[in-house]
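**Student:** Just passing along the structure, written as structure tokens.
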Amino acid sequence: MPTALITGASRGIGRALALGLAQRGYDLLLVARSAPQLAELAQEAQARYQRQAHTLALDLTQPDAAAELATWAAHHAPNGLAVLINNAGYGLWGRFEQLNLEEQLNMLQLNLNLPVQLTYALLPLLRRAAKSYILNVASTAAYQAVPSLAVYAASKAFLLSFSRGLRYELKGSGVSVTCLSPGATTTDFGNRAGMGVELQAVANKVSMTPEQVAEAGLKALFAGKAEFIPGLLNKVSAGLTSVVPKPIVEKIAAGIYEKYL
Ligand SMILES: NC(=O)c1ccc[n+]([C@@H]2O[C@H](COP(=O)([O-])OP(=O)(O)OC[C@H]3O[C@@H](n4cnc5c(N)ncnc54)[C@H](OP(=O)(O)O)[C@@H]3O)[C@@H](O)[C@H]2O)c1
Numbered sequence: 540m541p542t543a544l545i546t547g548a549s550r551g552i553g554r555a556l557a558l559g560l561a562q563r564g565y566d567l568l569l570v571a572r573s574a575p576q577l578a579e580l581a582q583e584a585q586a587r588y589q590r591q592a593h594t595l596a597l598d599l600t601q602p603d604a605a606a607e608l609a610t611w612a613a614h615h616a617p618n619g620l621a622v623l624i625n626n627a628g629y630g631l632w633g634r635f636e637q638l639n640l641e642e643q644l645n646m647l648q649l650n651l652n653l654p655v656q657l658t659y660a661l662l663p664l665l666r667r668a669a670k671s672y673i674l675n676v677a678s679t680a681a682y683q684a685v686p687s688l689a690v691y692a693a694s695k696a697f698l699l700s701f702s703r704g705l706r707y708e709l710k711g712s713g714v715s716v717t718c719l720s721p722g723a724t725t726t727d728f729g730n731r732a733g734m735g736v737e738l739q740a741v742a743n744k745v746s747m748t749p750e751q752v753a754e755a756g757l758k759a760l761f762a763g764k765a766e767f768i769p770g771l772l773n774k775v776s777a778g779l780t781s782v783v784p785k786p787i788v789e790k791i792a793a794g795i796y797e798k799y800l
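Positions 540 to 800 (the working numbering) are the ones given, in order, by the sequence shown.
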């Protein structure tokens, strides 16, 4: 059976991606910190889709996390890994100077260093499968600077650029790379980012569900797309950032995100 590894699978978009892959016939390797939620998801994949799932409760910001994860993955998928999803990530809302520096560096470790380290460690296993796929979960924030989410948005811009560069390098190798950039999605993201209730209420008005994001993202992945933005509103607003002058784009973003600081 083909096997898929998903980071940040305990809830939100990662959980929905995992169930979408189970439905498509993939066995699962599920990673996040919350062991009970991972166990519950593994049971659901087994009960609904008769797929095997192994879980690993691990803080992916730990220095040796990528190496530990790669060893574990090789043990459970010795014949090759068919899908790697770099989904674990979080945001921090606030002015750069007022946010804790350690926390911002921790976020960078999870949002960009870990995907780089894990992709590097797992490429030999991905190449072992006849055909394999990498999905990097970025954000519409990858397409523009966002005041009050400055470091988060920059981390997602990195992920988008890394995905495209790696994709080009891997042409003809059998490993396809896709970058998925969701807009606002109803998950725990806003709470973890420390966003206030007013801002979350605004976001909720235009949010997609994690299931909608995951389904669209998996279609894009298996269609071999380079990058994909789910949802018409998200596509249009990200598209506008390439034609509207940057100072105007940043002023509009500040008007939304800084208003409730
Ligand atoms: N929701 C949105 O509006 C939105 C929009 C654009 C992009 N995204 C991106 O989508 C991805 C998924 O986020 P989400 O919206 O589904 O948020 P979420 O509900 O907060 O889920 C985040 C996932 O990452 C895991 N995680 C966080 N810190 C971790 C750590 N140190 N070690 C291991 N796992 C960790 C969490 O599991 P544990 O807490 O159990 O570890 C959880 O499974 C993120 O990369 C995010 O930037 C989200």
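Note that the Cβ used here is the ideal one computed from N, Cα and C, for glycine as well.
This one's a predicted model, so the numbers in the text were calculated from it and none came from an experiment.
1. What residue does the beta strand (DSSP E) around Y672 start on, and which one ends it?
2. State buried or exposed for M540, treating a residue as buried only when at least 16 other CB atoms are found within 10 Å of its CB.
3. Taking the C-alpha atoms as reference points, what is the distance between N618 and G559?
4. Using only CA atoms, which one of L544, I552, I545 and A543 lies nearest to S746?
5. Assess, as a yes-or-no matter, whether the region 608-616 is touched by the region 581-590 under the definition of 3 or more beta carbon pairs within less than 8 Å.
6. Pop quiz: T600 and N639 are said to be a contact at Cβ under 8 Å. What is the actual Cβ separation, rounded to whole angstroms?
7. Between which two residues does the beta strand (DSSP E) holding A571 run?
8. Going by other Cβ atoms of all chains shown within 10 Å of its Cβ, with 16 needed for buried, is P786 buried or exposed?
9. Please classify P784: is it buried, with 16 or more other beta-carbons within 10 angstroms of its beta-carbon, or exposed?
10. Is it buried or exposed for A762, if we count other Cβ within 10 angstroms and need 16 for buried?
11. Determine whether the beta carbon atoms of V716 and R666 lie at a separation below 8 Å.
12. With 16 other CB atoms within 10 Å as the buried threshold, where does P654 fall?
**Tutor:** Here's the rundown:
1. S671 to V676
2. exposed
3. 22 Å
4. I552
5. no
6. Going by Cβ atoms, the distance from T600 to N639 rounds to 14 Å, so no, they are not a contact pair.
7. D566 to A571
8. exposed
9. exposed
10. exposed
11. no
12. buried
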